[in-house]
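Colleague:
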Amino acid sequence: MTRARLLQGKRCLVTGASRGLGRALCRELAREGARVAFTFTRDDEGARATLDDLRAAGCAEGDARAYKS
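Once you know that position 57 of the sequence shown is 43 in the numbering used here, the rest is easy, because the numbers rise by one and skip nothing.
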(Lines of atoms letter the chains of each structure in order from A and count residues from 1; the text may use other names and numbers.)
(Lines give C-alpha, C1' and ligand atoms only; values in the text may rest on other atoms or scores of the structure.)
Protein backbone atom coordinates (compact mmCIF):
# COMPACT_ATOMS: atom_id res chain seq x y z
CA MET A 1 0.00 0.00 0.00
CA THR A 2 1.37 3.43 -0.92
CA ARG A 3 1.07 6.39 1.40
CA ALA A 4 -0.96 9.45 0.49
CA ARG A 5 1.00 12.25 -1.15
CA LEU A 6 -0.09 15.35 0.76
CA LEU A 7 0.68 17.89 -1.97
CA GLN A 8 -0.56 15.94 -4.99
CA GLY A 9 -1.80 18.42 -7.60
CA LYS A 10 -0.34 21.48 -5.84
CA ARG A 11 2.25 23.89 -7.28
CA CYS A 12 5.14 25.27 -5.25
CA LEU A 13 7.73 27.97 -5.92
CA VAL A 14 10.99 28.00 -3.98
CA THR A 15 13.40 30.92 -4.29
CA GLY A 16 17.08 30.06 -4.13
CA ALA A 17 17.19 26.29 -4.58
CA SER A 18 20.39 25.40 -6.38
CA ARG A 19 21.91 24.00 -3.18
CA GLY A 20 21.49 23.55 0.57
CA LEU A 21 18.15 24.10 2.26
CA GLY A 22 16.38 25.23 -0.90
CA ARG A 23 17.33 22.03 -2.72
CA ALA A 24 16.28 19.90 0.25
CA LEU A 25 12.93 21.71 0.46
CA CYS A 26 12.30 21.20 -3.26
CA ARG A 27 13.10 17.51 -2.94
CA GLU A 28 10.62 17.06 -0.06
CA LEU A 29 7.89 18.98 -1.88
CA ALA A 30 8.37 16.73 -4.91
CA ARG A 31 8.22 13.60 -2.74
CA GLU A 32 4.87 14.80 -1.45
CA GLY A 33 3.53 15.11 -4.99
CA ALA A 34 3.90 18.84 -5.69
CA ARG A 35 4.88 20.35 -9.02
CA VAL A 36 7.98 22.36 -8.13
CA ALA A 37 9.50 25.47 -9.68
CA PHE A 38 12.55 27.19 -8.25
CA THR A 39 14.79 30.15 -8.89
CA PHE A 40 18.56 30.43 -8.78
CA THR A 41 21.05 33.21 -9.42
CA ARG A 42 24.48 31.92 -10.43
CA ASP A 43 24.89 28.19 -9.88
CA ASP A 44 23.80 26.64 -13.19
CA GLU A 45 25.35 23.28 -12.30
CA GLY A 46 23.61 23.28 -8.92
CA ALA A 47 20.28 24.07 -10.58
CA ARG A 48 20.73 21.12 -12.94
CA ALA A 49 21.52 18.91 -9.93
CA THR A 50 18.36 20.13 -8.18
CA LEU A 51 16.30 19.28 -11.28
CA ASP A 52 17.87 15.81 -11.31
CA ASP A 53 16.96 15.41 -7.62
CA LEU A 54 13.37 16.46 -8.31
CA ARG A 55 12.99 13.96 -11.11
CA ALA A 56 14.44 11.24 -8.88
CA ALA A 57 11.90 12.23 -6.21
CA GLY A 58 9.03 11.67 -8.62
CA CYS A 59 8.50 14.92 -10.56
CA ALA A 60 7.74 14.39 -14.21
CA GLU A 61 9.78 16.31 -16.81
CA GLY A 62 7.27 19.18 -17.03
CA ASP A 63 6.56 19.25 -13.26
CA ALA A 64 10.05 20.46 -12.25
CA ARG A 65 11.28 23.81 -13.57
CA ALA A 66 14.22 26.10 -12.88
CA TYR A 67 14.27 29.83 -13.55
CA LYS A 68 17.44 31.91 -13.50
CA SER A 69 16.86 35.25 -11.81
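For each residue, glycine too, the CB sits at the ideal point set by N, CA and C.
Computed from a predicted model, the values in this text were never measured in an experiment.
Based on the DSSP output, what are the partners of threonine 1 in its beta bridges?
Modeller: Along the sequence shown, read from residue 1 onward, the residue named residue 1 stands at position 15. Beta-bridge pairing links threonine 1 to Thr25.
Colleague: What do you reckon, are the CB atoms on alanine 52 and valine 22 nearer than 7 angstroms?
Modeller: Residue numbering aside, residue 52 sits at position 66 when the sequence shown is read from its first letter. Residue numbering aside, residue 22 sits at position 36 when the sequence shown is read from its first letter. No, these two residues do not count as a Cβ contact at 7 angstroms.
Colleague: For alanine 3, which residues from the same chain have a beta carbon less than 6 angstroms from its beta carbon, with the 5 sequence-adjacent residues on both sides left out?
Modeller: Within the sequence shown, numbered from 1, the residue matching residue 3 stands at position 17. Within the same chain, alanine 3 has close Cβ partners Arg9, Cys12, Phe24, Thr36.
Colleague: In the DSSP assignment, what residue or residues form a beta bridge with arginine 51?
Modeller: Counted from its first residue, the sequence shown places residue 51 at position 65. Answer by DSSP bridge pairing, in chain order: Ala23.
Colleague: Looking only at its chain, what residues have a beta carbon closer than 7 angstroms to the beta carbon of arginine 5, apart from the 5 residues adjacent to it on each side?
Modeller: As a first step, residue 5 is located in the sequence shown; it is residue number 19 there, counting from the start. Hits under 7 angstroms: Asp29, Gly32.
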